[in-house]
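These protein sequences, in sequence, are chains A and B.
Taking this note's numbering, the leading residue of the first sequence gets 42, the next gets one more, and so forth.
Taking this note's numbering, the leading residue of the second sequence gets 42, the next gets one more, and so forth.
Number of protein chains: 2
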Amino acid sequence: MKLNSTPKQDGFYMPSELSEHKCTYLLWPERPDNWRGGAKPAQKAFREVVEKIAKHEPVVLGVNSSQYAHVLGMNMKNVSVVEISNNDSWIRDTGATMVVNDQGEMRAVDWEFNGYGGLVNGIYFPWDLDDAIAAKMAAIEKVDRYRTEGFVLEGGSVHSDGEGTLLVTEETLLDEGRNPGKSKEEIEKFLLDYCGAEKVLWIPYGIYKDEDTNGHVDNICQFVAPGKVVLAWEDNVDDPQHERSQVDYEYLVNQTDAKGRRLEITKIHVPNVVTITKEESEGVDVVEGTFPRNEGDRLPASYINYYNCNGAIILPVFNDPHDEEAVRTLQGLFPDRVIETVYAREILLGGGNIHCITQQVPKA
Amino acid sequence: MKLNSTPKQDGFYMPSELSEHKCTYLLWPERPDNWRGGAKPAQKAFREVVEKIAKHEPVVLGVNSSQYAHVLGMNMKNVSVVEISNNDSWIRDTGATMVVNDQGEMRAVDWEFNGYGGLVNGIYFPWDLDDAIAAKMAAIEKVDRYRTEGFVLEGGSVHSDGEGTLLVTEETLLDEGRNPGKSKEEIEKFLLDYCGAEKVLWIPYGIYKDEDTNGHVDNICQFVAPGKVVLAWEDNVDDPQHERSQVDYEYLVNQTDAKGRRLEITKIHVPNVVTITKEESEGVDVVEGTFPRNEGDRLPASYINYYNCNGAIILPVFNDPHDEEAVRTLQGLFPDRVIETVYAREILLGGGNIHCITQQVPKA
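Right, dumping it as structure tokens:
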């Protein structure tokens, strides 16, 4: 059922992605005006992500009716293939944010979704199926649901440490396509009410050229523990990413979290610049109203867009000299987790990465 | 995952519908070439069934994408609205038959479905979405699945007492549109293997004019306990139903079940003849290839098509003089269950009744 209160009023909060999961949801990519080659190369990469997560926890894979028989026929172990009609496959942004309470109950937050900016700067039209995904996820998990009528948010634009602190970027949250007319204070109140949190840390910038999402936090910064974050970094002062990361670092280093802790920041260098090739660009159907993928466009490549599942980290890699350092750094931070790498160029070509295509359901 | 063994090999069996349920699945009616008035009157009746079941156990309601927002907006208590694309709404026939074992595990049987007779005498085309419903139900329940490749069956054509005995009709099971080329013995073996049972009771006939289903057992006879059945009855010897019921009675009274018990048979008189009115017929879109609903056609009205949910019986009634006797008889047989009646003419107009539109998931 749809509830008319807020998670905070009812004692529910968004747990850390690092706490134990019941399962992970993904959606199957399909739209040929975003994924080159009829989405076939992307499907191969998504399948690798699905199967690597399924080694560690159950996966629920949502599929449009048109691809259902094909995906069901893969008969993947520990994977439930359900029907969830979608406009695109970014369930981090369109799925439910599950919240829990101290009695071990779970509920869903169903954020209003408008295609990353609605008619102002959204990246596809329509987005009606995507806006219904959170409700469908709640229904499959048989939990009650909060709907944020009049408040637009993508799940990838907020992280929670599970102890009262949220991480967001100003770039996304204050974007004119999301909640025009709402002040920063009003937006902060919505966030705190629906994530059941106490404090929002407002990082200024996301990754350079992350234009689809207007700079989602989940590509630039992520909690590795309460009070500890990893931040995407660029040493080269001539690259526009350097200044962005530098400004974010200076913001974070001067903050305390909801518990009064100063943040410990680990930098993870971004890969070398990735741009769309001619062949890749030509493989995408050109459709008016969908964000174009032009030859030479720089992609927002970052290792920070990894996913934490039970006992493992699913890490995008790029056949890049920085891959090894990213693996080493994360393995150092998580000695007990397996680092599963996936060559993720095909996911990046669609505008996001592994964190963007996953959505956890916590074990309540 | 899809399994390559059979339930019987693995120690799984189909429990009685009377054993405790986890939840009940239904599908939302929509196709205007079967349901008059754009399915709106039927939707009202289905909603009443949903809400009456939801008083007693959780309901999962599968809906085509086109009706999703509408149904979600009803915000019905104890009802999860999931997306399940369907050609029509007979989940008794198209849903998974759940099987359990003595260790409390559950799996799904996904019967091959061909629209009640395929290209021989099926009642609509295509039936691809309906054939995928059982897999989707298994996925939502996160259970493994047996698929009966090359064996066609609708769930409404078999009852199980949960103690080794199945009830079917020869009319449906031996129909040339289901499994042509298979002998009665081969069909019986499939049934026993996939329902994990020992003995099949082959009732000759279903209800007169039950042409959509070719005489499904769930409209003529149902277990009320192991060794005890109710049978649809007609006193009037001039009505074709009389001889059918009489032949079935004589068959049943001479049988023993898998445990060697003779059957105790309680007769429940059918309602007076129900025929389609001119207005009702004209409300249905005429579509070539879909079973027509013509003015004056006799409908297969029967009280036996009731549904057993936790603590209740959901009973179709027809504003008929026989309604009261049906309620009284069932209340006598089930003193501890609430008899919830639903005026079910609109469901009957579509070709079935309350049992046909429900599918239980047992509590494993």
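Don't be surprised by glycine CBs; every beta carbon is placed ideally from N, CA and C.
### Message
Taking beta-carbon pairs under 9 Å, can you tell me which members of the stretch 107-126 of chain A lie near chain B?
### Response
For the stretch 107-126 of chain A, the set of positions with a beta-carbon nearer than 9 Å to some beta-carbon of chain B reads Tyr109, Ala110, Leu113, Gly114, Asn116, Met117, Lys118, Asn119, Val120, Ser121, Val122, Val123, Glu124, Ile125, Ser126 in chain order.
### Query
Among the residues of its own chain, which have a CB less than 6 Å from the CB of Lys250(A), if the five just before and after it don't count?
Locating residue 250(A) in the first sequence gives position 209, where the first residue counts as 1. Result list for Lys250(A): Arg339, Pro341, in chain order.
### Task
Return the bridge partner residues of Arg408(A) from the DSSP annotation.
No answer is possible for residue 408(A): the residues shown for chain A start at 42 and end at 405.
### Task
Spell out the partners DSSP gives Met139(B) in its beta bridges.
Against the second sequence, residue 139(B) aligns to sequence position 98. Answer by DSSP bridge pairing, in chain order: Ala149(B).
### Query
If you measure beta-carbon to beta-carbon, which residues of the stretch 147-170 of chain B are closer than 9 Å to chain A?
The residues in question are Asp169, Leu170.
### Task
Note the first and the last residue of the continuous beta strand (DSSP E) segment covering Ile248(A).
The residue given as residue 248(A) occupies position 207 in the first sequence. Careful: Ile248(A) lies outside any beta strand (DSSP E) and carries neither H nor E.
### Query
DSSP state of Lys269(A), grouped into three classes?
The sequence position of residue 269(A) within the first sequence is 228, counting from 1. Residue state, collapsed to three classes: strand.
### Query
Any C-beta of chain A sitting closer than 8 Å to the C-beta of Met42(B)?
Your numbering for residue 42(B) matches position 1 in the second sequence. Against chain A, the CB of Met42(B) has a partner CB under 8 Å away; the residue lies at that interface.
### Cβ neighbour criterion (16 or more within 10 Å) applied to Asp326(A)
Indexing the first sequence from 1 puts residue 326(A) at position 285. Around the beta carbon of Asp326(A), fewer than 16 other beta carbons lie within 10 angstroms, which makes this residue exposed.
### Message
Counting only Cβ-Cβ distances shorter than 7 Å, please list the residues of the stretch 173-188 of chain A near chain B, keeping chain order.
### Response
For the stretch 173-188 of chain A, which is checked against every Cβ of chain B, the residues closer than 7 Å are Ala173, Ala176, Lys177, Ala180, Ile181, Lys183.
### Task
Show which residues of chain A have a CB atom less than 8 Å away from the CB atom of Phe403(B).
Translated into positions along the second sequence, residue 403(B) becomes position 362. Sequence inspection shows Pro at residue 403(B); the Phe mentioned does not correspond to that position. Result: empty, since nearest Cβ-Cβ is about 16 Å, beyond 8 Å.
### Query
Where Thr382(A) and Ala175(A) are concerned, what is the direct C-alpha to C-alpha distance, given to the nearest angstrom?
If you number the first sequence from 1, residue 382(A) lands on position 341. If you number the first sequence from 1, residue 175(A) lands on position 134. One Cα belongs to Thr382(A), the other to Ala175(A), and the distance between them is close to 28 Å.
### Message
Looking at the secondary structure, which residues open and close the alpha helix (DSSP H) in which His19(A) lies?
### Response
Chain A is shown from 42 up to 405; residue 19(A) falls before or after that span and cannot be answered.
### Buried or exposed (CB count within 10 angstroms, at least 16 for buried), Leu160(B)
Reading the second sequence from its first residue, position 119 is the one you call residue 160(B). By the 10 Å Cβ count, Leu160(B) comes out exposed.
#### Entry: Completely contained beta strand (DSSP E) runs for the stretch 305-384 of chain B, where each covers 3 or more residues
Counting whole runs of 3 or more residues, the stretch 305-384 of chain B contains the beta strand (DSSP E) stretches 305-310, 348-350, 353-358, 379-384.
### Task
Anything in the stretch 91-106 of chain A with a Cβ closer than 8 Å to a Cβ of chain D? List those residues in chain order, please.
No chain D is present in this structure, whose protein chains are A and B.
### Query
For Asn155(A), which option in Asp143(A), Val140(A), Thr189(A), Lys183(A) has the closest C-alpha, if you only look at C-alpha atoms?
For the purposes of this step, residue 155(A) is identified with residue 114 of the first sequence, where counting begins at 1. When each option's Cα is compared against that of Asn155(A), the closest is Thr189(A).
### Query
For the 8 Å Cβ check, are there 3 or more pairs between the stretch 68-87 of chain A and the stretch 317-325 of chain A?
Contact between the stretch 68-87 of chain A and the stretch 317-325 of chain A is established, with three or more Cβ pairs separated by less than 8 Å.
### Local conformation of Gly286(A) per DSSP, three classes
For the purposes of this step, residue 286(A) is identified with residue 245 of the first sequence, where counting begins at 1. Here the sequence assigns Ser to residue 286(A), which means Gly is not the residue at that position. Here Ser286(A) carries a helix assignment [DSSP, helix/strand/coil].
### Message
Strictly by DSSP, which residues pair up with Tyr54(B)?
### Response
Residue 54(B) sits at position 13 when you count from the first residue of the second sequence. Assignment of beta-bridge partners to Tyr54(B) by DSSP yields Val141(B).
### Task
Take every Cβ of the stretch 192-205 of chain B, pair it with every Cβ of the stretch 52-61 of chain B, and state whether three or more of those distances are shorter than 8 Å.
Touching, per the Cβ criterion.
#### Entry: Buried versus exposed, by CB contacts within 10 Å (16 or more), Ser32(A)
Residue coverage of chain A in this structure runs from 42 to 405, which leaves residue 32(A) outside it and unanswerable.
### Task
Give the straight-line distance between the Cα atoms of Lys93(A) and Val294(B), rounded to the nearest whole angstrom.
Position 52 of the first sequence, counted from the start, is the residue given in the question as residue 93(A). Position 253 of the second sequence, counted from the start, is the residue given in the question as residue 294(B). When only Cα atoms are considered, Lys93(A) and Val294(B) end up about 58 Å apart.
### Task
Classify Leu70(B) as helix, strand or coil using the three-state DSSP reduction.
Along the second sequence, read from residue 1 onward, the residue named residue 70(B) stands at position 29. According to the sequence provided, residue 70(B) is Pro. The question's Leu does not apply to it. The three-state reading of DSSP puts Pro70(B) in coil, since its state is none of H, G, I, E or B.
### Query
Is Phe231(B) helix, strand or coil when you go by DSSP?
Position 190 of the second sequence, counted from the first residue, corresponds to residue 231(B). Secondary structure at Phe231(B): helix, using DSSP grouped into helix, strand and coil.
### Query
Is Ile395(B) helix, strand or coil by DSSP?
Start at 1 with the first residue of the second sequence, and residue 395(B) comes out as number 354. Ile395(B): helix per DSSP, three-state reduction.
### Query
Excluding the five sequence neighbours on either side, which residues of its own chain have a C-beta within less than 6 Å of the C-beta of His257(B), listed in chain order?
Locating residue 257(B) in the second sequence gives position 216, counting from the first residue. Within its own chain, the residues whose Cβ lies closer than 6 Å to the Cβ of His257(B), once the five positions on either side in sequence are excluded, are Gly197, Ser198, Thr213, Gly247, listed in chain order.
### Three or more C-beta pairs below 8 Å linking the stretch 389-396 of chain A and the stretch 341-360 of chain A
Yes: the two stretches touch, three or more of their Cβ pairs being nearer than 8 Å.
### Message
For the alpha helix (DSSP H) containing Val90(B), name the first residue and the last one.
### Response
Here residue 90(B) corresponds to residue number 49 of the second sequence, with the count starting at 1. Looking at the DSSP string, the run of the alpha helix (DSSP H) that includes Val90(B) is 81-95.
### Query
Where Lys269(A) and Gln400(A) are concerned, what is the direct C-alpha to C-alpha distance, given to the nearest angstrom?
Residue mapping note: residue 269(A) aligns to position 228 of the first sequence, counting from 1. Residue mapping note: residue 400(A) aligns to position 359 of the first sequence, counting from 1. Near 21 Å, if we compare the C-alpha coordinates of Gln400(A) and Lys269(A).
### Task
To the nearest angstrom, report how far apart Val314(B) and Ala367(B) are at their CA atoms.
For this step, residue 314(B) is matched to residue 273 along the second sequence. For this step, residue 367(B) is matched to residue 326 along the second sequence. In this structure, the alpha-carbon of Val314(B) lies about 16 Å from that of Ala367(B).
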